[in-house]
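Encoded as structure tokens, the structure appears first; notes follow it.
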Amino acid sequence: MSSDYTEMWRDLGLDIDAHNALLNALGEGYQQVFLSQKNRPAGMQYFDFVMSEVHGLRIKELIDAKAEGRIIVGSFCVFVPEELILAVDGISVGLCTGADFGMDLAEKYLPRNTCSLIKSAFGFKLSKVCPYMESSDIIVGENTCDGKKKAYEEFGKLEKKLYVMDLPQTKSDSGKALLRAEYKKFIQALEEKSGRKITVESLKKAISIVNNKRKAIHRLAQLRAADPIPISGLDALLINQVYFYDNPLRFTESVNKICDELEERIARSEGVFPKGTPRLLVSGCPMAVPNWKLPFIIEQSGATIVGEESCVGERGTRNETDLTGSSVDELLDNIVERYFQIDCAIFTPNPDRKNHVKEMHKKYNADGVIHYALQFCQPYDIESHGIEEVLESEGIPVLNLVTDYSQEDVGQLSTRIEAFIERING
Ligand code: BJ8
Numbered sequence: 035m036s037s038d039y040t041e042m043w044r045d046l047g048l049d050i051d052a053h054n055a056l057l058n059a060l061g062e063g064y065q066q067v068f069l070s071q072k073n074r075p076a077g078m079q080y081f082d083f084v085m086s087e088v089h090g091l092r093i094k095e096l097i098d099a100k101a102e103g104r105i106i107v108g109s110f111c112v113f114v115p116e117e118l119i120l121a122v123d124g125i126s127v128g129l130c131t132g133a134d135f136g137m138d139l140a141e142k143y144l145p146r147n148t149c150s151l152i153k154s155a156f157g158f159k160l161s162k163v164c165p166y167m168e169s170s171d172i173i174v175g176e177n178t179c180d181g182k183k184k185a186y187e188e189f190g191k192l193e194k195k196l197y198v199m200d201l202p203q204t205k206s207d208s209g210k211a212l213l214r215a216e217y218k219k220f221i222q223a224l225e226e227k228s229g230r231k232i233t234v235e236s237l238k239k240a241i242s243i244v245n246n247k248r249k250a251i252h253r254l255a256q257l258r259a260a261d262p263i264p265i266s267g268l269d270a271l272l273i274n275q276v277y278f279y280d281n282p283l284r285f286t287e288s289v290n291k292i293c294d295e296l297e298e299r300i301a302r303s304e305g306v307f308p309k310g311t312p313r314l315l316v317s318g319c320p321m322a323v324p325n326w327k328l329p330f331i332i333e334q335s336g337a338t339i340v341g342e343e344s345c346v347g348e349r350g351t352r353n354e355t356d357l358t359g360s361s362v363d364e365l366l367d368n369i370v371e372r373y374f375q376i377d378c379a380i381f382t383p384n385p386d387r388k389n390h391v392k393e394m395h396k397k398y399n400a401d402g403v404i405h406y407a408l409q410f411c412q413p414y415d416i417e418s419h420g421i422e423e424v425l426e427s428e429g430i431p432v433l434n435l436v437t438d439y440s441q442e443d444v445g446q447l448s449t450r451i452e453a454f455i456e457r458i459n460g
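Just so we're aligned: the sequence shown equals residues 35 to 460 in this note's numbering.
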């Protein structure tokens, strides 16, 4: 980190010792997982820098923005539209839910058989180690899976800034109407908190900022179809994770810059792994920072990851929002159209997701799919069976994995992944 931010963290109410312990663990993990990789694109230096300052410089930027009267909105789900937040000149941040930290504290509020992602959010809050959570003016929870829905009732006791958004469970007309009504309410909450009104101009500007960010990330995704692959799955995942924290304009510029470099690599047939390395698509639960366990094992085992069918990945970023419309209401309709296409496993039925996994498998020239569900995540774990059925019936090899944030099953996961790669090679 470039400066000493201890005072800033103290002012935010962080527990300095616990926070230092977290940063040390993160730093070591980052060194082992990312910096040890060979032949990384030079453009990754920017993302390494962002990660090294993710609790430092970026938080300072947020605090400076607050001093200028802007609001910070933290969220846990890709159903929370960044466009609406930007349209009140707010800043949207994804909240950390990927660390094995404070789980024992979380279990005082939640049953042990709660998924790691939910426990991690509680662990961060109770351990007082998340500067994003503490600097947020609004924290948006969403009624998605049963785990999250019920956990927010408890979370609301710990966090007075919690705002809960209801979400539909079916892709029906009434489901869409519910989403629209909830986005309308959210606009009201944002306007009240920020003291700014959303206008056609501010919303159009916000939509185009987010569309450009998504375009850049789609460009990156497409370049991963090349063999040899120009960027590792780990680095591509990291970029998808940084998506939720960085200044959107700077992020878009940096992603486009690395894409220029990757295009040059492809033209020279230069890759991070040799041509012919087995190529896997990862599909399933979102991998929030610093959840790098599975991709690290996969790429250490001799395969590369060509795409993520995940909310930290293509499920969260695909589809742009239509910019045509001459009123806030019309633009809101476009936003609803875009978000209503997200094929999260909380929807029933959810056939689009199966089609999307197949489509991604083909588009990115994958050799097989690893389905990843967090332990105790019923929506994704149950959907994994239908996905496996469909893919295997079409001759696409699938490996279904269920894991959590602990390191206890690393050996077992490696063995299963190596066997799966052998199956593909065979
Ligand atoms: S749109 S995937 S970000 S809800 S892993 S907490 S589902 S028990 S995260 Fe998600 Fe929004 Fe859907 Fe995406 Fe529950 Fe499963 Fe835990 Fe999960």
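Ideal placement from N, C-alpha and C gives every residue a C-beta, glycine not left out. Note that the structure is predicted; figures quoted are calculated from it, not measured.
Would you call the stretch 315-323 and the stretch 236-251 touching, i.e. three or more CB-CB distances under 8 angstroms? no
According to DSSP, is E426 helix, strand or coil? The residue you call residue 426 lines up with position 392 of the sequence shown. Reduced to three states, the DSSP call for E426 is helix.
Starting from R313, follow its DSSP beta bridges and name the residues at the other end. Mapped onto the sequence shown, residue 313 falls at position 279. DSSP output for R313 lists T338 as bridge partner(s).
Does the distance from the CB of C130 to the CB of F158 come in under 8 angstroms? As a first step, residue 130 must be located in the sequence shown, where it is residue number 96. As a first step, residue 158 must be located in the sequence shown, where it is residue number 124. Yes, these two residues count as a Cβ contact at 8 angstroms.
How far does the beta strand (DSSP E) with S109 in it reach, from first residue to last? Residue 109 sits at position 75 when you count from the first residue of the sequence shown. First-last of the beta strand (DSSP E) with S109: I106 to S109.
Secondary structure, beta strand (DSSP E): runs of 3+ residues fully inside the stretch 355-397: none
Going by DSSP, name the residue or residues bridged to H405. The sequence position of residue 405 within the sequence shown is 371, counting from 1. Beta-bridge pairing links H405 to S317 and N434.
Closer than 6 angstroms by C-beta to R482: which residues in its own chain qualify, once you throw out the five before and the five after it? Chain order, please. Residue 482 lies beyond the residue range present for the chain, which begins at 35 and ends at 460; the question has no answer from this structure.
Between the stretch 427-436 and the stretch 385-404, do three or more beta carbon pairs fall short of 8 angstroms? yes
DSSP on D123, reduced to helix/strand/coil? For the purposes of this step, residue 123 is taken as residue 89 along the sequence shown, with counting starting at 1. Coil at D123, not helix or strand.
DSSP beta-bridge partners of N177: By 1-based counting over the sequence shown, the position of residue 177 is 143. In DSSP, N177 forms a bridge with D200.
Using the beta carbon as the reference atom, which residues fall closer than 7 angstroms to any heavy atom of the ligand BJ8, ordered along the chain? F110, C111, V112, F113, C149, L151, I152, E176, T178, C179, G181, K182, C319, P320, C345, R349, G350, I376, C378, A379, I380, L408, F410, C411, Q412, P413 and Y414
Please report the Cβ distance between D269 and R74, rounded to the nearest whole angstrom; I am assuming they are in contact, meaning their Cβ atoms lie under 8 angstroms. Reading the sequence shown from its first residue, position 235 is the one you call residue 269. Reading the sequence shown from its first residue, position 40 is the one you call residue 74. Sure, about 6 angstroms apart at Cβ, within 8 angstroms.
Helix, strand or coil at Y47 [DSSP, three-state]: Along the sequence shown, read from residue 1 onward, the residue named residue 47 stands at position 13. For clarity, residue 47 is Gly in the given sequence; the question names Tyr instead. Looking at G47 - three-state DSSP - the assignment turns out to be coil, as it is neither helix nor strand.
Where does E41 sit, in a helix, a strand or coil, going by DSSP? Here residue 41 corresponds to residue number 7 of the sequence shown, with the count starting at 1. If DSSP states are grouped into helix, strand and coil, E41 belongs with the helices.
Which whole-angstrom value is the C-beta distance of V198 and G175, which I expect to be below 8 angstroms? On the sequence shown, position 164 is the one that residue 198 refers to. On the sequence shown, position 141 is the one that residue 175 refers to. Indeed, because the Cβ distance is near 5 angstroms, the residues count as touching under 8 angstroms.
Cβ of P324 within 8 angstroms of Cβ of L60? Numbered from its first residue, the sequence shown carries residue 324 at position 290. Numbered from its first residue, the sequence shown carries residue 60 at position 26. Contact flag set, yes.
Length of the line joining the Cα atoms of E87 and L212: Here residue 87 is taken as the residue at index 53 of the sequence shown, counted from 1. Here residue 212 is taken as the residue at index 178 of the sequence shown, counted from 1. One C-alpha to the other measures close to 39 angstroms.
Select from C111, G132 and G181 the residue whose C-alpha is nearest the C-alpha of L328. In the sequence shown, counting from the first residue as 1, residue 328 sits at position 294. It is G132.
Tell me which same chain residues have a C-beta within less than 6 angstroms of the C-beta of S236, skipping the five on either side of it? Here residue 236 refers to the residue found at position 202 when the sequence shown is read from its first residue. Here the set comprises A121.
Helix, strand or coil: how does DSSP classify I232 here? Position 198 of the sequence shown, counted from the start, is the residue given in the question as residue 232. In the structure shown, I232 sits in coil (DSSP, three-state: anything other than H, G, I, E or B).
Looking only at C-alpha atoms, which of F330, S335, E393 and E304 sits nearest to E348? For the purposes of this step, residue 348 is taken as residue 314 along the sequence shown, with counting starting at 1. It is E393.
Cα-Cα separation, A337 to G305: Numbered from 1 along the sequence shown, position 303 holds the residue referred to as residue 337. Numbered from 1 along the sequence shown, position 271 holds the residue referred to as residue 305. Cα-Cα distance, rounded: 13 angstroms.
Exposure of E417, with buried meaning 16 or more beta-carbon neighbours within 10 Å: Here the question's residue 417 lines up with position 383 in the sequence shown. So E417 counts as buried.
Apart from the five residues just before and just after I376, which ones in its own chain have a Cβ nearer than 7 angstroms to its Cβ? Numbered from 1 along the sequence shown, position 342 holds the residue referred to as residue 376. So the qualifying residues of the chain are V112, F113 and R349.
Under 8 angstroms between the Cβ atoms of L254 and I273? For this step, residue 254 is matched to residue 220 along the sequence shown. For this step, residue 273 is matched to residue 239 along the sequence shown. A contact, by the Cβ cut-off of 8 angstroms.
At a cut of 8 angstroms, does the stretch 189-196 reach the stretch 160-176 through at least three beta carbon pairs? yes
Contact belief for L56 with V163 at Cβ below 8 angstroms, rounded distance in angstroms: Counted from its first residue, the sequence shown places residue 56 at position 22. Counted from its first residue, the sequence shown places residue 163 at position 129. Going by Cβ atoms, the distance from L56 to V163 rounds to 5 angstroms, so yes, they are a contact pair.
Please list the segments of the alpha helix (DSSP H) lying wholly inside the stretch 258-292, counting only runs of 4 or more residues, in order along the chain. 267-276
Would you report the Cα separation of N459 and R387, rounded to the nearest angstrom? In the sequence shown, residue 459 corresponds to position 425, counting from 1. In the sequence shown, residue 387 corresponds to position 353, counting from 1. Distance between the alpha carbons of N459 and R387: 27 angstroms.
Hey, could you find the ends of the alpha helix (DSSP H) F135 is sitting in? Translated into the one-based positions of the sequence shown, residue 135 becomes position 101. Premise fails: F135 is in no alpha helix (DSSP H) and is neither H nor E.
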